[in-house]
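J.:
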Amino acid sequence: MFLQSNSAAGGIGSFLPLIAIVAVMYFFFIRPQMKKQKEENKFRSQLVKGMRIVTTSGIHGKILDVDEKTILVESENSRLRFEKAAVSKDLTIQANPSSNKKNK
10 MFLQSNSAAG GIGSFLPLIA IVAVMYFFFI RPQMKKQKEE NKFRSQLVKG
60 MRIVTTSGIH GKILDVDEKT ILVESENSRL RFEKAAVSKD LTIQANPSSN
110 KKNK
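If you read the sequence shown in my numbering, its first letter stands for residue 10, the second for the next number, and so on.
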C-alpha cells in the first residue's frame, strides 16, 4: 500500500514541470502579445483626419478620410484606400515622434 500511494504522488509531481512551462510561456509570450495587439487596436480606433501615418508596407501619408474599417490616405499626390489594419502604430510613432507624443 505504501508503494502505491508513493507512485500516485510521483505521477502528480511529474506534471508540475509541464504546468510550470505552460505558465512561463503564457506570461512571457502570449500575454505580452495580447497586450500589444490591444494597443494596436486602440491606436487604429483613434485615427483621425489629418494625422500622418505609416502603413505596415511602408507607405507614408496623411489621412484624408476615416471610415469604419478603411482610411483614405494621400501620399505624393496620389490617394489610396487602406484597411485600418494596415496602419502600424510602431512605424507611425518612429516616423513622427513629435506629433504622436500627445496621442500616447
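Virtual Cβ for every residue (Gly too), placed ideally from N, Cα, C.
For clarity, every value in this text was computed on a predicted model and none was experimentally measured.
Rounded to whole angstroms, what's the CA-CA distance from ALA104 to SER84? Just pull it up for me.
T.: As a first step, residue 104 must be located in the sequence shown, where it is residue number 95. As a first step, residue 84 must be located in the sequence shown, where it is residue number 75. Approximately 14 Å between the Cα atoms of the pair.
J.: Whole angstroms are fine: how far does the CA of SER66 sit from the CA of GLU92?
T.: Start at 1 with the first residue of the sequence shown, and residue 92 comes out as number 83. Start at 1 with the first residue of the sequence shown, and residue 66 comes out as number 57. Rounded to the nearest angstrom, the two C-alpha atoms are 12 Å apart.
J.: Going by DSSP, what residue range makes up the alpha helix (DSSP H) through VAL33?
T.: As a position in the sequence shown, residue 33 is number 24, starting the count at 1. 25-34 is the span of the alpha helix (DSSP H), which, as asked, contains VAL33.
J.: Among ARG61, GLY22, LEU56, LYS51, which residue has its Cα nearest to the Cα of PRO106?
T.: Position 97 of the sequence shown, counted from the first residue, corresponds to residue 106. Nearest option by C-alpha distance: ARG61.
J.: Would you give the residue range spanned by the alpha helix (DSSP H) that LYS44 belongs to?
T.: Counted from its first residue, the sequence shown places residue 44 at position 35. Where LYS44 is concerned, the enclosing alpha helix (DSSP H) stretches over 40-54.
J.: For the alpha helix (DSSP H) that contains THR101, what are its first and last residues?
T.: Residue 101 sits at position 92 when you count from the first residue of the sequence shown. Residues 98-104.
J.: For ILE102 and THR64, I'd like the C-alpha separation in whole angstroms.
T.: For the purposes of this step, residue 102 is identified with residue 93 of the sequence shown, where counting begins at 1. For the purposes of this step, residue 64 is identified with residue 55 of the sequence shown, where counting begins at 1. Approximately 11 Å between the Cα atoms of the pair.
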